[in-house]
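Since the structure comes first, as structure tokens, the remarks are kept for the end.
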Amino acid sequence: MNTTKLTFIADTHHFSRTLAKPGRAYDLRSGSDQKCLNETGAIIDAAFSYIAKSDTDAVMIAGDITNDGEMVSHEEFRQKLYALQKKKNVYIISATHDWCCDENPRKFEGDNVSHDVPTMPHEKLRDYYFDFGPKQSCSEFITHLGTCSYTVDIGENVRLLALNDDQNGKGRAGFKDDHFDWIENQIKKAKADGKIMIGMEHHLLIAHVHPLITGGGTCVGDREIVASRLADAGLRYMFVGHSHMQAIDKFTSEKGNSITEVNVGSLCGYPSPIVNVTVTDDGLEIETDHVKNFVYDGEVCDTIAFTAKKAYDLIDRVFESVDMGKKEFSDRLTALQLNGEKLAPLYYVAKPLLKAVDKMTVKDLYKLLKTLRLADNVQKSDIIPYANKPVTDFMHEFLLSFMDGSTKRHEEGSAYYNIVMSVGDALVKIKPCKLTGDFRQTLHNVVCGNEYNINHCKI
Ligand SMILES: [Fe+2]
Ligand SMILES: [Fe+2]
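Reading the sequence shown from the start, the letters are residues 0 to 458 in numbering that gives the first Met the number 0.
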């Protein structure tokens with residue numbers, strides 16, 4: 000039986016340290032991001048070293064390779080790619096963060112943020128990364144942006160369909176008609192050539208956890224139509240990035256054709272996944288590994304612990320700011336892309352509330368929900384195993400489950416499940432939160448996971 004070993008990573012978001020001088024501006028920016036900035040080079044080096052020593056036949060990177068398309072980040076990243084290419088075949092696609100689509104490049108020094116940062120034009124990306132896909136391709140399609148999609152043989156009987164899905168011409172991610180015609184022809188050609196075809200693009204075809212969270216702009220526009228067209232043309236596998244979350248799900252078209260999508264999380268954020276795939280005639284074996292540690296300024300850092308803290312610091316930094324005054328509270332909300340200026344007057348209400356939650360145990364929370372008559376679905380016995388656990392620890396665990404594909408699962412009806420759902424039900428009942436039953440379903444999906452074990456499964 001033929002076997003091909005492949006490795007997928009995504010959203011490396013390399014950030015050149017030349018863009019950050021120490022100070023409050025960088026601290027605010029870094030503290031508002033779930034993924035790393037200054038540490039990206041060190042994490043990528045550790046991951047590339049792991050991959051270079053592995054038995055993989057080819058490495059694929061599913062877009063957002065740089066922080067925000069800064070030329071200097073591209074220059075440093077391409078050097079790393081050339082070094083890896085001495086050991087392994089490397090194929091990349093670019094995505095919207097590789098040409099700074101929000102036209103807001105930034106560098107940080109002291110208290111100041113400045114924008115005089117040269118960025119990569121989208122029409123230059125194809126030539127800049129010519130050696131990592133287009134050069135080896137069997138067929139290539141140049142999009143209206145000048146970016147490219149291509150096919151390349153990556154194993155004796157395996158062909159990669161590498162797609163740039165930056166714009167569909169209707170204001171969303173996806174493909175224009177001529178691009179889609181080329182894609183469908185390539186899927187047919189692979190079948191005629193006796194190749195197993197594996198797709199890679201940046202945006203999602205499937206809103207994995209729930210459309211409330213990972214629908215909308217996280218997916219390609221008209222996601223079900225696009226997924227159906229690909230499945231009906233005969234594509235069975237797609238690897239994507241973008242959401243910075245791990246997930247696997249299957250979509251079946253109205254005609255009964257299925258496509259399974261593997262969402263690869265960000266390499267430079269929790270849980271720093273490296274997705275190893277063994278392709279056989281029977282399907283794909285998925286084994287997700289992680290960068291164990293990386294060396295940053297001479298210090299060895301545990302990657303999972305470091306990136307997990309980076310993620311839940313998003314919550315902790317807001318809690319922490321209430322003791323640092325109204326301005327810091329407002330600035331930290333702004334750094335989280337919230338309207339800090341508008342929310343600043345809430346500081347005097349938020350301060351006692353957040354301080355109370357910060358000190359709260361699960362037992363205290365239960366008492367509060369009971370007083371408010373919002374604890375219908377949680378029994379006193381559910382609280383016992385978690386009684387003295389801080390509520391903030393519960394929030395951290397939930398956030399990590401959300402990002403790592405529910406690696407740690409809880410049964411429906413378990414104590415953990417009932418506690419999370421009762422908080423969800425309470426939030427739905429509090430009208431200003433404007434949450435609906437969809438929110439409950441999202442919580443359910445995060446706590447229970449689905450049929451696929453992201454770390455080890457067959458698709
Ligand atoms: Fe990204
Ligand atoms: Fe993205």
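All C-beta atoms in this analysis are idealised placements derived from N, C-alpha and C, irrespective of residue type, glycine included.
Same chain, Cβ closer than 6 Å to residue 109, neighbours up to 5 away in sequence not counted: By 1-based counting over the sequence shown, the position of residue 109 is 110. Taken in chain order, the residues that qualify are 22.
Residues that DSSP places opposite residue 288 in a beta bridge: Within the sequence shown, numbered from 1, the residue matching residue 288 stands at position 289. DSSP, once it has assigned bridges, lists 273 as partnering residue 288.
Nearest-angstrom Cα separation, counted from residue 67 out to residue 213: The sequence position of residue 213 within the sequence shown is 214, counting from 1. The sequence position of residue 67 within the sequence shown is 68, counting from 1. In a straight line, the C-alpha of residue 213 is about 21 Å away from that of residue 67.
Distance between residue 113 and residue 20 (C-alpha atoms, nearest Å): Within the sequence shown, numbered from 1, the residue matching residue 20 stands at position 21. Within the sequence shown, numbered from 1, the residue matching residue 113 stands at position 114. If I take the Cα positions, the gap works out to 12 Å.
Nearest candidate by alpha-carbon position, reference residue 320, set 75, 310 and 333: As a position in the sequence shown, residue 320 is number 321, starting the count at 1. For the options 75, 310 and 333, the alpha carbon positioned closest to that of residue 320 is the one of 333.
Cβ pair count under 8 Å reaching 3, the stretch 48–67 against the stretch 361–376: Counting Cβ pairs under 8 Å, fewer than three are found: no touch.
Segments assigned beta strand (DSSP E), at least 3 residues, entirely inside the stretch 63–95: Counting whole runs of 3 or more residues, the stretch 63–95 contains the beta strand (DSSP E) stretches 88–92.
Sub-7 Å separation of residue 42 and residue 79 beta-carbons: By 1-based counting over the sequence shown, the position of residue 42 is 43. By 1-based counting over the sequence shown, the position of residue 79 is 80. No, these two residues do not count as a Cβ contact at 7 Å.
Contact under 7 Å by Cβ, residue 95 with residue 13: Here residue 95 corresponds to residue number 96 of the sequence shown, with the count starting at 1. Here residue 13 corresponds to residue number 14 of the sequence shown, with the count starting at 1. Residue 13 sits away from residue 95, with the two beta carbons spaced by 7 Å or more.
Residue 94 beta carbon near ligand 2 (any heavy atom closer than 6 Å): Within the sequence shown, the letter at position 95 stands for residue 94. For ligand 2, at least one heavy atom lies less than 6 Å from the Cβ of residue 94.
Residue 63 beta carbon near ligand 1 (any heavy atom closer than 6 Å): Indexing the sequence shown from 1 puts residue 63 at position 64. Yes; taking the cut-off as 6 Å, the Cβ of residue 63 has a heavy atom of ligand 1 nearer than that.
CB contact flag (residue 248, residue 207, <7 Å): Here the question's residue 248 lines up with position 249 in the sequence shown. Here the question's residue 207 lines up with position 208 in the sequence shown. Result yes, Cβ atoms of residue 248 and residue 207 sit closer than 7 Å.
Exposure label - residue 106; buried when at least 16 CB within 10 Å: As a working mapping, residue 106 is identified with position 107 in the sequence shown. Per the 10 Å Cβ criterion, buried.
For residue 203, the three-state DSSP class (helix, strand or coil): Looking up residue 203 in the sequence shown gives position 204. Strand at residue 203.
Residue 161, buried or exposed, once every other Cβ within 10 Å from all chains shown has been counted against 16: Reading the sequence shown from its first residue, position 162 is the one you call residue 161. Its Cβ being crowded by 16 or more others within 10 Å, residue 161 is buried.
Cut-off 6 Å between Cβ atoms - residues of its own chain near residue 415, not counting five sequence neighbours on either side: Position 416 of the sequence shown, counted from the first residue, corresponds to residue 415. Around residue 415, the same chain offers 409 as residues with beta carbons nearer than 6 Å, after the five sequence neighbours per side are excluded.
Cut-off 6 Å between Cβ atoms - residues of its own chain near residue 73, not counting five sequence neighbours on either side: Within the sequence shown, numbered from 1, the residue matching residue 73 stands at position 74. Shown here for residue 73: same chain residues with a beta carbon closer than 6 Å to its own, the five before and five after excluded, namely 65 and 119 in chain order.
Residue 103 (DSSP reduced to helix, strand or coil): Numbered from its first residue, the sequence shown carries residue 103 at position 104. DSSP places residue 103 outside both helix and strand once states are collapsed to three, so it counts as coil.
Any non-hydrogen atom of ligand 1 within 6 Å of residue 10 CB: Numbered from its first residue, the sequence shown carries residue 10 at position 11. Yes, the Cβ of residue 10 comes within 6 Å of a heavy atom of ligand 1.
Length-filtered (3 minimum) beta strand (DSSP E) runs lying within the stretch 278–365: For the stretch 278–365, whole beta strand (DSSP E) runs of length 3 or above, ordered along the chain, are 282–289, 292–295 and 298–301.
Bridge partners - residue 198, DSSP secondary structure assignment: Counting from 1 along the sequence shown, the entry for residue 198 is found at position 199. Looking at the DSSP output, residue 198 sits in a beta bridge with 160 and 237.
Inter-residue spacing [alpha-carbon to alpha-carbon] between residue 341 and residue 85: For this step, residue 341 is matched to residue 342 along the sequence shown. For this step, residue 85 is matched to residue 86 along the sequence shown. Looking at the two C-alpha atoms, the distance is approximately 52 Å.
Touching by the beta-carbon criterion (3+ pairs, under 8 Å), the stretch 223–232 and the stretch 263–274: Because the criterion of three Cβ pairs below 8 Å is not met, the stretch 223–232 and the stretch 263–274 do not touch.
Residue 241: CB within 6 Å of a non-hydrogen atom of ligand 2: Here residue 241 is taken as the residue at index 242 of the sequence shown, counted from 1. Checking every heavy atom of ligand 2 against the Cβ of residue 241, one is found closer than 6 Å.
contact_flag[the stretch 29–40, the stretch 97–104] where n(CB pairs < 8 Å) is 3 or more: The stretch 29–40 makes no contact with the stretch 97–104: fewer than 3 CB pairs, one atom from each, lie closer than 8 Å.
Touching by the beta-carbon criterion (3+ pairs, under 8 Å), the stretch 304–323 and the stretch 338–356: Taking a contact to require three or more Cβ pairs closer than 8 Å, the stretch 304–323 and the stretch 338–356 qualify as touching.
Distance CB(residue 220)-CB(residue 167) smaller than 7 Å: The residue labelled residue 220 in the question sits at position 221 within the sequence shown. The residue labelled residue 167 in the question sits at position 168 within the sequence shown. By the CB criterion at 7 Å, residue 220 and residue 167 fall inside the cutoff.
Member of 293, 88, 202 and 116 whose CA lies at the smallest distance from the CA of residue 223: Counted from its first residue, the sequence shown places residue 223 at position 224. With distances taken between Cα atoms, residue 223 lies closest to 202.
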